[in-house]
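S.K.:
Residue numbers (my numbering): 220 to 599.
Given below as structure tokens:
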């Protein structure tokens, strides 16, 4: 048993169709997810005081997720069309993504109704909360709720990206998979231009999650998603760069931890910088990550990081709403806030691992078995 466990820890994971995972890319997904979590904890701890926020550009991790998604979708499904129809593709994507969407919605509902520190800040008719919850179960936007800014998904803010992910998956199934590689490149360039203009006008790419800038959500989706898919299609023509998981993680962290850029002569340099990170750096990291090995002794960390990345991303924010109201109460000292905020990181990692092991994996296994039976019987 020990020998088998050791082999599993050092052997690359495989997809359900037998393809090897890109272990470094899995690890980088975990790096990006952890950056988002730390950004949210630290930002709430300092009440989003810009001068005190450390990871100023952490919202760009979302754009990296979209780029990675485009690449992985191409890798996993491009060669399966013909023996797989649109219905089966969408069913497979729902099995992969939606169990955690439902768990995230349940945690968000519990957080809103049971938060002991909210006071009257979340006093709202139960019907409004349950209506928002019903929409959140399907990853759909809803009306705003008190004490949740103007988020499009007020019970669990990060679910806005899952709604966009589904949009990207639909676009792939209905249109993008049929396009020639050159047309993917043309669309990527055009969407990149729109992304750059939007970032330069606003001075930031931290947009799309709330109603005032909802139009930027698909803009942030399509450039990285299209680019990721295009990079997969031309993978054999790209340079063979090998840097390993740790150097690529440090490159991502350095770009995200850069200070906020000023406005000079009316030009919002911060928006230009963030657009450059998404348009230039993230594709380069994706190319290097595709070719790279994890590094000495790093395979287990990449595997664990990849497995926990989606669960921690989708489960952490309901707990941080409670943290937000606790901090806003002003009853804790700075030392106490630092201690609790630091302790939240391992706590949220444990929650994510429990969600992965006891919710996501068992549900996906059962749904996957059901899909295989239906495929054998010809229903899907």
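Virtual Cβ for every residue (Gly too), placed ideally from N, Cα, C. Small disclaimer: the values here were computed from a predicted structure and weren't measured.
(1) Taking the alpha-carbon of residue 397 as reference, which of 385, 440, 355, 448 has the nearest alpha-carbon?
(2) At which residue ranges does the stretch 476-509 contain complete beta strand (DSSP E) runs of 3 or more residues, listed in the order of the chain?
(3) Spatial neighbours of residue 224 within its chain, please: C-beta separation below 6 Å, excluding the five flanking residues on both sides.
(4) Which residues bound the alpha helix (DSSP H) around residue 383?
(5) So residue 501 and residue 282 are supposed to be a Cβ contact under 8 Å. How far apart are they, rounded?
(6) Okay, do the stretch 414-425 and the stretch 483-499 touch, 3+ Cβ pairs below 8 Å being the bar?
(7) Taking the C-alpha atoms as reference points, what is the distance between residue 538 and residue 450?
(8) Just curious, the alpha helix (DSSP H) that residue 371 is in, first and last residue?
(9) With residue 242 as the anchor, note down where its alpha helix (DSSP H) starts and where it stops.
(10) In the DSSP output, what is residue 451 paired with across the bridge?
(11) Is the CB-CB distance between residue 428 and residue 249 below 8 Å?
(12) Looking only at its own chain, which residues have a Cβ that is under 7 Å from the Cβ of residue 255, when we skip the five neighbours before and after it?
(13) Mind the definition here: the stretch 370-377 touches the stretch 456-472 only if three or more C-beta pairs lie below 8 Å; say whether that holds.
(14) Taking C-beta to C-beta, are residue 507 and residue 467 nearer than 8 Å?
(15) Using DSSP bridges, identify the partner residues of residue 429.
(16) Do you know how far the Cα of residue 515 is from the Cα of residue 577?
(17) Please go through the same chain and pick out, in chain order, the residues whose beta-carbon is closer than 7 Å to the beta-carbon of residue 465, but skip the five residues on each side of it.
(18) Grab me the residues of residue 385's own chain with a C-beta within less than 7 Å of its C-beta, minus the 5 sequence neighbours each way, in chain order.
(19) Does the distance from the C-beta atom of residue 485 to that of residue 444 stay below 8 Å?
M.R.: Quick answer:
(1) Residue 397 has its Cα closest to that of 448, out of 385, 440, 355, 448.
(2) For the stretch 476-509, not a single whole beta strand (DSSP E) run of length 3 or above is found.
(3) Model confidence at residue 224 stands at a pLDDT of 38, short of 50, so the residue's coordinates are unreliable; what they give is reported in the following sentence. If we look at residue 224 and ignore the five residues flanking it on each side, it has no Cβ neighbours.
(4) First-last of the alpha helix (DSSP H) with residue 383: 378-393.
(5) The distance from the Cβ of residue 501 to that of residue 282 is about 6 Å, consistent with a contact at the 8 Å cut-off.
(6) Yes: at least three Cβ pairs fall under 8 Å.
(7) Near 36 Å, if we compare the C-alpha coordinates of residue 450 and residue 538.
(8) Taken as a continuous stretch (DSSP letters only), residue 371 belongs to no alpha helix (DSSP H), as it is neither H nor E.
(9) First-last of the alpha helix (DSSP H) with residue 242: 242-264.
(10) Residue 451 pairs with nothing; no bridge assigned.
(11) No, the pair does not count as a contact, with Cβ atoms beyond the cut-off.
(12) Cβ-Cβ distances below 7 Å link residue 255 to 277, 280, 532 in the same chain, with the five nearest sequence neighbours on each side left out; the list follows chain order.
(13) As far as the Cβ criterion goes, the stretch 370-377 does not touch the stretch 456-472, which means the pair count is below three.
(14) Cβ distance < 8 Å, so residue 507 and residue 467 count as in contact.
(15) Beta-bridge partners assigned by DSSP to residue 429: 370.
(16) Roughly 30 Å separates the two Cα atoms.
(17) So the qualifying residues of the chain are 514, 517.
(18) 358.
(19) In this structure, residue 444 does not lie closer than 8 Å to residue 485 by Cβ.
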